[in-house]
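If you're matching positions, the sequence shown starts at 1 in the working numbering and goes up one per residue.
The C-beta atom is built at its ideal place from N, Cα and C for all residues, glycine as well.
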Amino acid sequence: MEVKSAEFVMSNSAVDKCPNQPLPEYAFIGRSNVGKSSLINMLVQRKSLAKTSGRPGKTQLINHFIINKNWFLVDLPGYGYARVSKKSKKTFQKFITEYFEKRKQLVLAFVLVDIRHAPQPIDLEFMAYLGESQIPFHIIFTKADKLKPNACNLAVEHYKEKLLEFWEEVPQYFVTSSSNNTGREALLSYIHELNADFRQD
Ligand code: GDP
């Protein structure tokens, strides 16, 4: 897919205020510093559509971008645990769970993980939450240029083994690098195919 246009639409703190056009939508989410802004900018080939920043805890907003005037790319902030009760039951931030549970246009979520890091509990728990909520997701491994190809394969295999402790099947995944465009074509072609099948109920 060629990216002919990519425009910022709006930022919201509540899912009810998100754009209401019935366009297919893909959400990008991961821990802070995973390389999400860089990946989004790499996908759309814009230097700073998504704001790259080393600042953890930047404003917690749902950011909508419209691509080629026919699909939404959503940049969600880094997730973290929100403590909801005195019993310290851990959950994710409310606006994030509301987004996933209410957003009808959402086709799937891309959960980003840094290929160099061993599987982190918060990422695995977030994937478990998506699974329990029946929200389709795929994994995007970021920063592949930071490892040699063999080490990349090993890291992915290790991640898959960990996932198979919880999942019957390994979710679909993409290996990417924003530094050298690895994975760009694969991701965009994949989204293009899903867009063709999109029907909102
Ligand atoms: P975000 O907080 O998830 O949006 O992460 P950023 O996109 O701001 O990236 C965090 C840091 O990782 C920055 O210093 C980026 O330059 C760096 N980074 C992001 N993606 C890549 C990548 O694919 N390769 C390399 N080498 N560095 C990356």
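Residue interval of the alpha helix (DSSP H) (run including residue i)
| i | result |
| --- | --- |
| residue 43 | 36–44 |
| residue 162 | 149–163 |
Near the ligand GDP: residue i beta-carbon under 6 angstroms from a heavy atom
| i | result |
| --- | --- |
| residue 33 | yes |
| residue 143 | yes |
| residue 47 | no |
| residue 11 | no |
| residue 146 | yes |
| residue 38 | yes |
| residue 5 | no |
| residue 177 | yes |
Continuous beta strand (DSSP E) stretch holding residue i: start and end
| i | result |
| --- | --- |
| residue 75 | 71–75 |
| residue 108 | 106–114 |
| residue 7 | 6–12 |
| residue 27 | 25–30 |
| residue 138 | 137–142 |
| residue 64 | 62–67 |
| residue 17 | Run containing residue 17: none; DSSP gives neither H nor E here. |
| residue 51 | Note, residue 51: premise wrong, no beta strand (DSSP E); not H, not E. |
| residue 92 | 90–92 |
For residue i, the three-state DSSP class (helix, strand or coil)
| i | result |
| --- | --- |
| residue 132 | helix |
| residue 97 | helix |
| residue 173 | strand |
| residue 186 | helix |
| residue 82 | strand |
| residue 126 | helix |
| residue 193 | helix |
| residue 47 | coil |
Backbone CA spacing between residue i and residue j [nearest angstrom]
| i | j | result |
| --- | --- | --- |
| residue 118 | residue 92 | 21 angstroms |
| residue 103 | residue 123 | 21 angstroms |
| residue 57 | residue 134 | Caution applies to residue 57, whose pLDDT of 46 falls short of 50 and renders its modelled position unreliable; the model cannot decide the point. |
| residue 33 | residue 194 | 28 angstroms |
| residue 73 | residue 105 | 11 angstroms |
| residue 188 | residue 173 | 13 angstroms |
| residue 111 | residue 127 | 8 angstroms |
| residue 66 | residue 90 | 33 angstroms |
| residue 53 | residue 197 | At residue 53, the pLDDT of 48 sits below 50, so the modelled position is not reliable; the number obtained from the coordinates is stated separately. Residue 53 and residue 197: Cα-Cα distance of roughly 35 angstroms. |
| residue 181 | residue 175 | 10 angstroms |
Exercise. Using 8 angstroms as the Cβ pair cut-off and three pairs as the minimum, do the segment 76–83 and the segment 42–53 touch?
Worked result: no
Problem set entry | Contact between the segment 31–38 and the segment 12–23 (3+ Cβ pairs under 8 angstroms) | no
Exercise. Counting Cβ pairs, one atom from each stretch, are 3 or more of them under 8 angstroms apart for the segment 57–73 and the segment 10–20?
Worked result: yes
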